[in-house]
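Here the structure is laid out as structure tokens; the discussion comes afterwards.
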Amino acid sequence: MPAGTLYRGREGMWSWVAHRVTGVLIFFFLFVHVLDTALVRVSPEAYDDVVATYKTPLVALLEYGLVAAILFHALNGLRIVAVDFWAKGARYQKQMLWTVLGIWIVLMVGALYPVLGHAVREVFGS
Numbered sequence: 014m015p016a017g018t019l020y021r022g023r024e025g026m027w028s029w030v031a032h033r034v035t036g037v038l039i040f041f042f043l044f045v046h047v048l049d050t051a052l053v054r055v056s057p058e059a060y061d062d063v064v065a066t067y068k069t070p071l072v073a074l075l076e077y078g079l080v081a082a083i084l085f086h087a088l089n090g091l092r093i094v095a096v097d098f099w100a101k102g103a104r105y106q107k108q109m110l111w112t113v114l115g116i117w118i119v120l121m122v123g124a125l126y127p128v129l130g131h132a133v134r135e136v137f138g139s
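Quick note on my numbering: the sequence shown kicks off at 14 and runs consecutively.
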């Protein structure tokens with residue numbers, strides 16, 4: 014590719030990509046959640062086995078990722094609403110994105126212990 018022709022994107026493009034990726038991840042989580050919940054009618058023993066795997070440290074890490082995806086998707090969605098419906102939204106979209114990321118980081122730090130506390134105790138002892 015000739016120099017200068019590759020679009021490198023800015024904050025708006027990357028937030029657009031992250032919003033779509035988190036939306037798809039949340040969709041697949043909901044799909045799996047519906048399937049595993051439906052399993053209780055087919056085979057309660059198999060359902061109990063699946064639920065037992067959810068109590069592992071690896072799944073706790075995946076749950077933390079799910080929390081991260083949901084929080085970012087929700088906060089960025091509010092930012093998108095502000096950009097769309099506030100007359101000055103487009104002008105301040107970059108500042109709003111950095112605000113969303115700041116709030117997201119604070120909430121993710123706050124979610125560390127509630128989501129991962131059990132997994133850490135299981136791996137390292139209490």
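Just so you know, even glycine gets a beta-carbon here, dropped at the ideal spot from N, CA and C.
Taking a cut-off of 8 Å for Cβ pairs, the region 77-90 and the region 47-56 do not touch, as fewer than three such pairs fall below it. In the three-state reduction of the DSSP assignment, ARG23 falls in the coil class. Scanning the region 47-132 for uninterrupted alpha helix (DSSP H) segments of 4 residues or longer gives 57-66 and 70-98, listed from N- to C-terminal end. A direct Cα-to-Cα measurement between VAL72 and ALA65 gives close to 10 Å.
Inclusion of GLU24 and LYS101 in the CB contact set at 7 Å is not warranted, their separation being larger than that value.
Shown here, GLY138 sits in coil according to DSSP, grouped into three states, outside any helix or strand. Here the alpha carbon of THR69 sits roughly 27 Å from the alpha carbon of ALA87.
For VAL122, the closest alpha carbon among the candidates LEU91, ILE93, GLY78 and PHE42 is that of GLY78.
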